[in-house]
Amino acid sequence: MNIYQPLLTTVTEVVDETADTRTLRLEFRDEAVRKDFAFRAGQFGEYSVFGAGESTFCIASSPTREGYIECSFKAIGKVTSELREVNVGDTVGFRGPYGNWFPVDDWKGKDIVFVAGGIGLAPVRCVIWNVLDRRDEFGDVTIVYGARSVEDLVYKRELEEWGSRSDVKMVTTVDPGGDTPDWTGEVGYVTPVVEKTAPKADNAVAVVCGPPIVVKLTLPVLEQLGFADDAVFTTLENRMKCGLGKCGRCNIGPVYVCKDGPVFTAAQMKQLPPEF
Amino acid sequence: MTDMATAPAYTGVDDLRRIARELLEAGDVRVIIGYENARRGARPVFISDPAETDKLIFDTRCVHNLVTYLNPRRDHVAELGKIALVVKGCDVKAVAGLLRESQVGRDDVVLIGVRCGGVLEENELPAALALTPENVAPRCYGCDNREPTLTDHLVGEPQPEPPRPVMTIDERVAALDGQPMEERWAFWTEQFSKCVRCYACRQVCPLCICEQCIVEKTRPQWIESSAHPRGNLSWNITRAIHLAGRCVDCGECERFCPVGIPLSLLNRKLQHIVHERYDYTVSDDPENAAPIGDYRLDDQQEFIK
Amino acid sequence: MTDAHTDFEPRITAFVCNWCTYTGADLAGTSRLHMASNVRLIRLPCTGRIDPLFIVKSFERGADGVIVSGCHPADCHYTSGNYHARRRFAVFHDIMEFIGVDPRRMTFSWVSASEGAKWKDVVDEAVRNVRELGPFEAYRALAPEAVEPWPAATSDPAGEEVAS
Amino acid sequence: MSDRYFISDSDLRGLAADLLGAGTDVIAPVATDICQSPSAIAASACTLDHSLVDIDYRALTDADELDLSRGLPQLSLKGYFLPEHEALCRWKQKGITVEVEEVPTEFAPRVVLAAKACDAAALEVVDKVMNWDYKDELWNGRREATTIVNLTCPMIDDSCFCTAVGTAPDDVKGADGLLTPVAGGYVYEPATDKGRALAEANKARFSNDVEADTRGREADDERAASRQRVAANLEIDAESVRDWIDTHFEDPLLSQLAIRCNGCGACTSVCPTCHCFDIVDEQEGVGRGTRRRCWDTCQAPTFTLHASGHNPRDDQHVRYRQRINHKFAIYPLKFGEVLCTGCGRCTRVCHAGQDLVEILQAIDIAARRPGDSAEPEEAAS
């Protein structure tokens, strides 16, 4: 089996997160793979629908939940549109895990702040569960999550669960418009909400994920709050094909996002040439 | 090539440089796109400094159709500002094509026409050669736009007619047409099988102006992107028919093809088809509607049951 | 020539317009006209919607012949779709012939909603032509891998090998 | 230098015949041209007078096809190791599930004769990216199965610059042996075990009779002369070029140098070191298909286009910068080698006049002007 051949998985659960975002739970068909497959929070894979091709997303489930993986995606391209058509029992190909990961083990004893926008919650969700499943190893956990509207919030059941936990500070913000007048969370863009929430930077790390604009605007706010550049983590996304550091399209200057990333610290981001 | 005589100096070069300098000095345009002499022969040059207009040349090596740089997809050229373009009679037809399809406005560009007596097949020569049947670009034979009308300026003296090439493109098309169908299939599939799908033919074509090329559409994937003979056939047929009645026969697709596919035969055949069926000849008159996208109630339909 | 391919059942894709030929084909069916069963019908709003690439794609996927059929001139539901199609297919027909594709593999016709009998004739003639020409092996030979044949025309269309 | 063999003209052809006879594929330069193509009508339909005779690496069907008299093959050897398209796996729909079939990663032995040094060296350069972490079995399988014999190159034209990027016209980098033309035949110098095995397995064709002061010196002289010829074309300091590019990401010089570029991918297709690829699924009939990798080009806007519509390289001069950057800075920084072997094909196929020799000269000059990246002078040629 060459490095480009996918493992086969069976879809065991389909969850519609929003009108255009869907989560699939995938179980490896091969029992040995199911048992041995291991990954770390932040890594990604190449998911494929046979006949449409491969698409790259992070593994959205936690490495602490074994026996399956999950992916969340928006149906906007060729593969994701086809992936949206699959049902429970269908076959999906998977290659991975690829790339680096969030150094969760190094964060023991520290406070953790998660900031996510839109579907950017997918890679963060993986870390959140990873942390919550080992809750007593870490300090305070703060989650600031924003989406365009209430409709666009993903992982709604989990947002509720996190919000109801006493050991998590959960802040959700949207632009409720007129459609959801009973919205009780924060209102507006995620960046000012981070500022307002003002998590303390002392002995803390931050994880920021979302559309480029969310990352771009949030990093300076965290810097202001006193977070050091090497205590702020984010994931970059670029178009990828191989995921293996060969096909040559995901690089930002000398950095191959698929191999040297997708997880970068704010300090590393500052070193990158402006081409992402 | 038997006769390696160099071509006499082009008489319009001084006028060309003067006009270019005046246009830049007056601020009428920001950049002149013309030809220069470089390490490997004649090539396009972009001049924005009036003092550099002396770089401009015109001779039989100036093969390129510079209208390709007017293409609205060329962001990095558009950024330079208003353009004055050096054009031959054949090139002007491509400008007419862009005007016809509302891709540029006539006031967006200044056209400096050069009276042309034909060009060589290749530009990569240290000096301009006099044209001979062996070295002339076959497309120049029978040129019907030696006195372009669409230009803003026209330089140079009237030139002699280009020589008749050893074998004209029409003769080659006729030779192919005279072959049995299986032979034609063998010929074209062999030619297309060489294709490496670099899309140079599309990129240099002054009239390939689609925002998104059909070959880049993935939903559905109409044309397979792997360079196997099957995908290559789809690509090459599609490229050709998308230019039916639009191709100005500048030959750039064939010249840029790194594997030497004789695309001008396909292009010429399509010109014959639209001429025979719809009496259409591509010209530098932007008002002359292209045949595809137009129709007559009494169009031929002998192939329809 | 004819004898050589008697065992061969041509696979033919037909791209038809919704307003005329599709209805005409329906009429042929409800009139119980007996005709060759080698044709798979794909209904489109108008012949003006039929890109020549549909034909190329059909050959790529293993078709031996293609039919394109729509409203007669002056009958187009959208006024002029068939006139545009006529020019497009004239050019396509000629260039394919130049490239070496036998034009008998490509049938173009005008069949109105009332011409069930003409549809039968068009189909029978197309099938006869393609049967004479034999399988389009020359096109299939361009494939990088062997092309899986379509399920035979007579088999159950819900056969388990068929992709959804 | 330790072992040298002599092989005559006729024995070289005989070697090709022996190998073919034994069922080994032999890849070598062959004259190709639409006017000599097997299809009968090509001669009457040939339009490209200037390419009447071209040359390309082909699998020989007959030893007589071997053509050592002409220039640089149109395409490099790349396609024999990273084919224009190749199957990665095949799939078949079975009801609602899918079965996947593996493709072989072992390949039959084959021999490349009379490779250009630039083409063979490119393989060793690309070996790095194919093995820096994950091992590409398809590439490696073909590499292992192939014995490559170079032929000392006399230099093609003034766009050759292999000596400026760390290789040479008589280099054996990436190859297993070297032939150098001398009177009546060639001196053969194996460089690897595979190269020695080729001579040993075909002893009848090779003779050990290479006298150091005659044939040996003739070969040495020929090699030295060709190195000198190429060196006259271009001389740069690859390290300062690398550092300059790395530290001048937004320097206007790079976009000025890209101005003529049409954004066609011809340069990347003909390049022996450009290895970027795409992975696509293609149907073969109904319910069955192949996942393929095929060549792709960084010069196409779709190369980096995100599904969201965002494109990190949305402008042609940015894509051109990527190509220069990848070859002369990114790859050297990451893998210690320049991703270019100076074959000059990109320059020759670019009829718009993008000239890598001139571009490298310009960057070299900029790099030598310390602390300054202002208005570049066009390099004198």
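These protein sequence lines map, in sequence, to chains A, B, C and D. Residue numbers 1 to 276, in this note's numbering, belong to the letters of the first sequence in order. Residue numbers 277 to 581, in this note's numbering, belong to the letters of the second sequence in order. Residue numbers 582 to 745, in this note's numbering, belong to the letters of the third sequence in order. Residue numbers 746 to 1126, in this note's numbering, belong to the letters of the fourth sequence in order. Built from N, CA and C at the ideal position, the CB exists for glycine as well.
Could you say which of Leu332/B, Thr557/B, Ile580/B lies nearest to Thr287/B if we only look at CA atoms? Thr287/B has its Cα closest to that of Leu332/B, out of Leu332/B, Thr557/B, Ile580/B.
Buried or exposed (CB count within 10 angstroms, at least 16 for buried), Ala296/B: Buried, since its Cβ has 16 or more Cβ neighbours within 10 Å.
State the Cα-Cα distance for the pair Ala476/B and Ala1097/D, rounded to the nearest angstrom. For Ala476/B and Ala1097/D, the distance between alpha carbons rounds to 11 Å.
Same chain, Cβ closer than 7 Å to Val765/D, five either side skipped, listed in chain order: Checking the displayed sequence, the identity of residue 765/D turns out to be Leu instead of Val. Excluding residues within five positions, the ones whose Cβ falls inside 7 Å are Val771, Leu805, Ala808.
Assuming Cys489/B and Arg478/B form a contact by the criterion Cβ under 8 Å, report the distance between their Cβ atoms to the nearest whole angstrom. Cβ-Cβ separation between Cys489/B and Arg478/B: approximately 6 Å, consistent with a contact (criterion under 8 Å).
Residue range of the beta strand (DSSP E) that includes Thr602/C: Counting along the chain, Thr602/C falls outside any beta strand (DSSP E), though it belongs to the alpha helix (DSSP H) covering 602-611.
In three-state DSSP terms, what is Asn399/B? In the three-state DSSP reduction, Asn399/B falls in the coil class, being neither helix nor strand.
Contact check, Phe50/A vs Gly93/A under 8 Å by CB: the rounded distance? So it is a contact: roughly 6 Å between Cβ atoms.
Specify, as a first and last residue, the run of the alpha helix (DSSP H) that Lys259/A falls within. First-last of the alpha helix (DSSP H) with Lys259/A: 257-260.
Quick one: is Asp16/A buried, meaning 16 or more other Cβ sit within 10 Å of its Cβ, or exposed? Burial check for Asp16/A: the Cβ neighbour count within 10 Å stays below 16, so the residue is exposed.
Give a yes or no on whether the C-beta atoms belonging to Leu24/A and Cys71/A are separated by under 7 Å. At the C-beta level, Leu24/A and Cys71/A come within 7 Å of one another.
Inter-residue spacing [alpha-carbon to alpha-carbon] between Thr583/C and Val708/C: Here Thr583/C scores only 47 on pLDDT, less than 50, and its place in the model should not be relied on; the value that follows carries that caveat. When rounded, the distance between both Cα atoms is 12 Å.
Same chain, Cβ closer than 6 Å to Leu217/A, five either side skipped, listed in chain order: Counting only Cβ-Cβ distances below 6 Å, and skipping sequence neighbours, we find Thr191.
Start-to-end residues for the alpha helix (DSSP H) that takes in Gln479/B: Boundaries of the alpha helix (DSSP H) harbouring Gln479/B: 476-480, taken from the DSSP string.
Using C-beta distances below 6 Å, list every residue in its chain close to Phe468/B, excluding the 5 sequence neighbours before and after it, in chain order. Asn508, Leu509, Asn512, listed in sequence order.
Hey, is Ala936/D's beta-carbon within less than 7 Å of any beta-carbon in chain A? The beta carbon of Ala936/D does not come within 7 Å of any beta carbon belonging to chain A, so the residue lies off that interface.
Exposed or buried, Ser48/A, counting other C-beta atoms within 10 Å across all chains shown (16 or more means buried)? Within 10 angstroms of the beta-carbon of Ser48/A lie 16 or more other beta-carbons, which makes it buried.
Given a threshold of 16 other Cβ atoms within 10 Å of its Cβ, counted over all protein chains shown, does Glu829/D qualify as buried or as exposed? Its Cβ being crowded by 16 or more others within 10 Å, Glu829/D is buried.
Please determine, among Arg721/C, Glu726/C, Ala595/C, the residue with the shortest C-alpha to C-alpha distance to Thr465/B. For the options Arg721/C, Glu726/C, Ala595/C, the alpha carbon positioned closest to that of Thr465/B is the one of Arg721/C.
Status (buried if at least 16 other CB within 10 Å, exposed otherwise) for Ala403/B: Taking all protein chains in view, the Cβ of Ala403/B is surrounded by fewer than 16 other Cβ atoms within 10 Å, so the residue is classified as exposed.
Lys638/C: contacting residues in chain B (beta-carbon distance under 8 Å): Residues of chain B with a Cβ closer than 8 Å to the Cβ of Lys638/C are, in chain order, Trp498, Ser510.
Evaluate contact between the stretch 1010-1021 of chain D and the stretch 1043-1051 of chain D, counting only Cβ atoms and requiring at least three cross-stretch pairs below 8 Å. By the Cβ criterion, the stretch 1010-1021 of chain D is in contact with the stretch 1043-1051 of chain D, since at least three pairs of Cβ atoms, one from each stretch, lie closer than 8 Å.
Is Val524/B closer than 7 Å to Lys364/B when the C-beta atoms are compared? No, these two residues do not count as a Cβ contact at 7 Å.
Contact between the stretch 65-82 of chain A and the stretch 810-817 of chain D (3+ Cβ pairs under 8 Å): Too few Cβ pairs lie closer than 8 Å, so no.
Under 8 Å from the C-beta of Ile1004/D: neighbouring residues of chain B: Neighbours of Ile1004/D on chain B, chain order: Phe322, His352, Val353.
State yes or no: is the beta carbon of Gly681/C nearer than 7 Å to at least one beta carbon in chain B? Yes, Gly681/C lies at the interface with chain B (some Cβ there is under 7 Å from its Cβ).
Beta-ladder partner(s) of Ile680/C, from DSSP: Answer is none; Ile680/C lacks a bridge partner.
Secondary structure at His830/D, three-state DSSP: helix, strand or coil? In the structure shown, His830/D sits in a strand (DSSP, three-state: E or B).
Would DSSP call Gln488/B helix, strand or coil? The DSSP-derived three-state label of Gln488/B is coil.
Out of Lys939/D, Trp836/D, Thr1035/D, Ala1011/D, point me to the one whose CA is closest to Arg531/B's CA. The residue from Lys939/D, Trp836/D, Thr1035/D, Ala1011/D with its alpha-carbon nearest to that of Arg531/B is Ala1011/D.
Distance between Leu8/A and Glu641/C (C-alpha atoms, nearest Å): Spanning the two alpha carbons is a distance of roughly 28 Å.
For the structure I just gave you, are there three or more beta carbon pairs, one from the stretch 588-598 of chain C and one from the stretch 553-562 of chain B, closer than 8 Å? A contact is defined here as three or more CB-CB pairs under 8 Å, and the stretch 588-598 of chain C fails this definition with respect to the stretch 553-562 of chain B.
Which residues, taken in chain order from the stretch 227-248 of chain A, show a beta carbon closer than 8 Å to some beta carbon of chain D? Residues of the stretch 227-248 of chain A whose Cβ lies closer than 8 Å to any Cβ of chain D, in chain order: Glu237, Asn238, Arg239, Lys241, Cys242, Leu244, Gly245, Lys246, Cys247, Gly248.
List the endpoints of the continuous beta strand (DSSP E) containing Gln1044/D. Counted as a single uninterrupted DSSP element, the stretch harbouring Gln1044/D is not any beta strand (DSSP E), since DSSP gives it neither H nor E.
Is the Cβ of Gln577/B closer than 7 Å to any Cβ of chain C? Answer yes: the Cβ-Cβ gap between Gln577/B and chain C drops below 7 Å somewhere.
Have a look at the DSSP bridge pairing and note the partners of Gly146/A. Its beta-bridge partners are Gly117/A, Thr173/A.
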